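**Q** Numbering (the working numbering), first residue to last: 111 to 443. Note that beta-carbon positions come from the ideal geometry of N, C-alpha and C, so glycine has one too. Please read all numbers here as calculations on a predicted model, not as lab measurements.
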Amino acid sequence: MTKPIKIIYGMLASMIISLCSVDLPAQFLIPEAPANLTMTMVWQETPTGHQLEWEASEHASSYAVYTRSWDFENQSASEWTLLEKTTATGLFIELDVNELHAYRVTASNDQGESEAGTAVAGAMTAIGPRIADEDLVELMASRKGTGLVNANGKKPAERVQLGEVYHYQAMTAADLLPGWLPAGEIVYSLLQGPVGMSIDAASGVLSWTADVVGSFTVEIAAEDQGSQVRSTKTWTLESLGTVGVSDEPAFLDTTLFPNPASDLLTLRFHSRSAAVELRLLSLDAALLYSTSLRTSSGVNSHSIDLSGFAAGSYMLQLSNDAGTATLPLSISR
Numbered sequence: 111m112t113k114p115i116k117i118i119y120g121m122l123a124s125m126i127i128s129l130c131s132v133d134l135p136a137q138f139l140i141p142e143a144p145a146n147l148t149m150t151m152v153w154q155e156t157p158t159g160h161q162l163e164w165e166a167s168e169h170a171s172s173y174a175v176y177t178r179s180w181d182f183e184n185q186s187a188s189e190w191t192l193l194e195k196t197t198a199t200g201l202f203i204e205l206d207v208n209e210l211h212a213y214r215v216t217a218s219n220d221q222g223e224s225e226a227g228t229a230v231a232g233a234m235t236a237i238g239p240r241i242a243d244e245d246l247v248e249l250m251a252s253r254k255g256t257g258l259v260n261a262n263g264k265k266p267a268e269r270v271q272l273g274e275v276y277h278y279q280a281m282t283a284a285d286l287l288p289g290w291l292p293a294g295e296i297v298y299s300l301l302q303g304p305v306g307m308s309i310d311a312a313s314g315v316l317s318w319t320a321d322v323v324g325s326f327t328v329e330i331a332a333e334d335q336g337s338q339v340r341s342t343k344t345w346t347l348e349s350l351g352t353v354g355v356s357d358e359p360a361f362l363d364t365t366l367f368p369n370p371a372s373d374l375l376t377l378r379f380h381s382r383s384a385a386v387e388l389r390l391l392s393l394d395a396a397l398l399y400s401t402s403l404r405t406s407s408g409v410n411s412h413s414i415d416l417s418g419f420a421a422g423s424y425m426l427q428l429s430n431d432a433g434t435a436t437l438p439l440s441i442s443r
């Protein structure tokens with residue numbers, strides 16, 4: 111090869127290398143997914159909608175907001191669908207009564223559309239009977255499912271009689287709507303409470319035998335072990351003196367067997383009164399079953415059919431004009 115030809119080849123190679131090392135112009139780059147998507151509930155005496163905000167993506171010319179809803183009947187989420195396209199880095203979405211929605215955003219330009227960023231989820235008024243009003247704001251703003259909510263819309267009981275067993279079932283948004291709000295392993299903890307109170311780290315069942323009279327602040331926490339996101343719930347619990355006409359217990363030798371039970375439960379007790387009310391309660395104090403019993407002196411026995419109740423933890427409560435006794439009950443299948 112002659113020297114001039116070698117020089118030309120060398121120049122061409124240098125040009126190719128230079129072209130490969132030059133950054134592509136912005137118009138040839140697909141933008142990155144929008145970062146830091148947040149959602150804020152907008153209030154005007156009552157909630158009116160959601161305000162979405164996100165950071166601008168480099169090289170983006172527009173953004174697409176996608177949404178999906180929760181099907182309460184089938185307990186599942188719908189497919190993601192396009193809600194609106196915008197050139198802004200925010201969008202106000204009017205409150206959709208009786209709906210629960212999640213949102214995510216992509217960035218686009220002439221070269222294509224980015225992957226979707228992290229989704230945020232919001233709760234609407236359809237949650238009403240399932241979550242207490244004060245829990246809505248926390249669930250609305252939660253990216254994760256760690257927001258502590260009240261099971262079946264019931265607040266923690268704020269009073270307990272001396273000698274009774276106090277129970278509360280802690281729940282998170284992830285428990286309420288499985289698969290809707292992503293969450294890792296949730297661990298519950300008791301941050302503050304009377305001596306002897308405890309909470310099961312896995313199930314969230316809080317329990318305490320009221321052995322002292324007084325007013326106590328109870329604070330529990332739920333923490334996502336993956337993201338380390340944590341939420342807390344606080345309330346005041348009053349332990350009251352025994353209600354009755356004498357210092358003698360209202361019931362003696364009260365036993366449940368078998369416990370745990372599956373189908374048939376037998377209750378035995380001594381009562382100081384002929385009229386006894388029997389109640390089966392959930393851990394959030396919802397009444398599930400009640401009946402009136404006529405008792406006699408000595409040992410009394412009563413059988414309860416549990417076949418219609420789901421497996422879980424419950425409270426069995428006996429009441430007469432001398433006081434109340436509450437016993438923990440487990441149903442297994």
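1) Since Ala143 and Ala217 are thought to touch, with beta carbons under 8 Å apart, how far apart are those beta carbons, to the nearest angstrom?
2) Following the continuous beta strand (DSSP E) through Ala280, name the residue where it begins and the one where it ends.
3) Just list the residues that DSSP pairs Ile330 with in beta bridges.
4) In three-state DSSP terms, what is Asp464?
5) Report all residues from its chain with a CB closer than 7 Å to the CB of Thr401; omit the five preceding and five following residues, and keep chain order.
6) May I ask you to list the residues that DSSP assigns as paired with Gly200?
7) Starting from Gly306 and walking both ways along the beta strand (DSSP E), at which residues does that stretch end?
8) Which residue wins for smallest C-alpha separation from Ile414, given the options Gly433, Leu393, Thr434 and Pro368?
9) With C-beta atoms as the reference, is Leu366 less than 9 Å away from Leu403?
10) Whose C-beta lies closer than 6 Å to the C-beta of Ser429 among residues of the same chain, with five residues either side of it excluded?
11) Would you decide whether Ser215 is buried or exposed? Buried here means 16 or more other CB atoms lie within 10 Å of its CB.
12) Using DSSP bridges, identify the partner residues of Trp180.
13) Could you say which of Ser171, His169 and Thr177 lies nearest to Leu162 if we only look at CA atoms?
14) Report the three-state DSSP secondary structure of Thr405 (helix, strand or coil).
15) Excluding the 5 residues flanking Gly306 on each side, which residues of the same chain have their C-beta closer than 7 Å to its C-beta?
16) For Lys265, does the three-state DSSP call read helix, strand or coil?
17) Given a cut-off of 9 Å, decide if Phe379 and Val409 are closer than it, judged by their beta-carbon atoms.
18) Output the distance between the C-alpha atoms of Ala332 and Ser299, rounded to the nearest integer angstrom.
19) State the Cα-Cα distance for the pair Ile296 and Gly422, rounded to the nearest angstrom.
20) Opposite Leu366 in the DSSP bridges: which residues?
21) Just the C-alpha distance for Leu301 and Glu274, rounded to the nearest angstrom, thanks.
22) Starting from His211, trace the beta strand (DSSP E) in both directions and tell me its first and last residue.
23) Within 10 Å of its beta-carbon, does Ser407 have 16 or more other beta-carbons around it, so buried, or fewer, so exposed?
24) For Gly422, which residues does DSSP report across the bridge?
25) Going by the CB atoms, is the gap between Ser325 and Thr342 shorter than 9 Å?
26) Can you give the Cα-Cα distance for Pro266 and Trp180, rounded to whole angstroms?
27) Measuring alpha carbon to alpha carbon, tell me which of Ala212, Val315, Ala384 and Ala174 ends up nearest Leu393.
28) Taking the beta carbon of Pro141 as the centre, do at least 16 other beta carbons fall within 10 Å, making it buried, or is it exposed?
29) Out of curiosity, what's the CA-to-CA distance linking Ala229 and Ala384?
**A** The answer reads as follows:
1) Start at 1 with the first residue of the sequence shown, and residue 143 comes out as number 33. Start at 1 with the first residue of the sequence shown, and residue 217 comes out as number 107. Right, the Cβ-Cβ distance comes to about 6 Å (below 8 Å), so this counts as a contact.
2) One-based indexing of the sequence shown puts residue 280 at position 170. Taken as a continuous stretch (DSSP letters only), the beta strand (DSSP E) holding Ala280 covers Val275 to Thr282.
3) Translated into positions along the sequence shown, residue 330 becomes position 220. In DSSP, Ile330 forms a bridge with Leu300 and Lys343.
4) In this structure the chain extends from 111 to 443, so residue 464 is not present and cannot be described.
5) Looking up residue 401 in the sequence shown gives position 291. Here the set comprises Leu388.
6) Here the question's residue 200 lines up with position 90 in the sequence shown. Answer is Glu163.
7) Here residue 306 is taken as the residue at index 196 of the sequence shown, counted from 1. Element bounds for Gly306: n/a, residue is neither H nor E.
8) The residue you call residue 414 lines up with position 304 of the sequence shown. Nearest of Gly433, Leu393, Thr434 and Pro368 to Ile414, Cα basis: Pro368.
9) Along the sequence shown, one-based indexing puts residue 366 at 256. Along the sequence shown, one-based indexing puts residue 403 at 293. No, the Cβ-Cβ distance between Leu366 and Leu403 is not below 9 Å.
10) Here residue 429 refers to the residue found at position 319 when the sequence shown is read from its first residue. Excluding positions up to five away in sequence, the list reads Glu387.
11) Translated into positions along the sequence shown, residue 215 becomes position 105. A quick correction: the sequence has Val, not Ser, at residue 215. Buried is the call here.
12) Position 70 of the sequence shown, counted from the start, is the residue given in the question as residue 180. Answer is Ala187, bridged to Trp180.
13) The residue you call residue 162 lines up with position 52 of the sequence shown. For Leu162, the nearest C-alpha among the options comes from Thr177.
14) Translated into positions along the sequence shown, residue 405 becomes position 295. Thr405 falls in the coil class under three-state DSSP.
15) As a working mapping, residue 306 is identified with position 196 in the sequence shown. So the qualifying residues of the chain are Trp318, Thr319 and Asp321.
16) If you number the sequence shown from 1, residue 265 lands on position 155. Correct three-state label for Lys265: coil.
17) To locate residue 409, count along the sequence shown from 1; it is residue 299. To locate residue 379, count along the sequence shown from 1; it is residue 269. Taking 9 Å as the Cβ cut-off, Val409 and Phe379 qualify as a contacting pair.
18) Within the sequence shown, numbered from 1, the residue matching residue 332 stands at position 222. Within the sequence shown, numbered from 1, the residue matching residue 299 stands at position 189. Rounded to the nearest angstrom, the two C-alpha atoms are 7 Å apart.
19) As a first step, residue 296 must be located in the sequence shown, where it is residue number 186. As a first step, residue 422 must be located in the sequence shown, where it is residue number 312. Between Ile296 and Gly422, the C-alpha separation is close to 19 Å.
20) The count along the sequence shown starts at 1 and reaches residue 366 at position 256. The partner list for Leu366 (beta bridge, DSSP) reads Leu377.
21) Walking along the sequence shown from the start, residue 301 turns up at place 191. Walking along the sequence shown from the start, residue 274 turns up at place 164. One C-alpha to the other measures close to 22 Å.
22) Start at 1 with the first residue of the sequence shown, and residue 211 comes out as number 101. Looking at the DSSP string, the run of the beta strand (DSSP E) that includes His211 is His211 to Asn219.
23) If you number the sequence shown from 1, residue 407 lands on position 297. With fewer than 16 Cβ atoms within 10 Å of its Cβ, Ser407 is classed as exposed.
24) Residue numbering aside, residue 422 sits at position 312 when the sequence shown is read from its first letter. In DSSP, Gly422 forms a bridge with Ile441.
25) On the sequence shown, residue 342 is found 232 positions in, with the first residue counted as 1. On the sequence shown, residue 325 is found 215 positions in, with the first residue counted as 1. Cβ distance not < 9 Å, so Thr342 and Ser325 don't count as in contact.
26) The residue given as residue 266 occupies position 156 in the sequence shown. The residue given as residue 180 occupies position 70 in the sequence shown. About 27 Å.
27) For this step, residue 393 is matched to residue 283 along the sequence shown. With distances taken between Cα atoms, Leu393 lies closest to Val315.
28) Within the sequence shown, residue 141 is the residue found at index 31, counting from 1. Classification for Pro141: buried.
29) As a position in the sequence shown, residue 229 is number 119, starting the count at 1. As a position in the sequence shown, residue 384 is number 274, starting the count at 1. Taking the straight line joining both Cα atoms gives about 60 Å.
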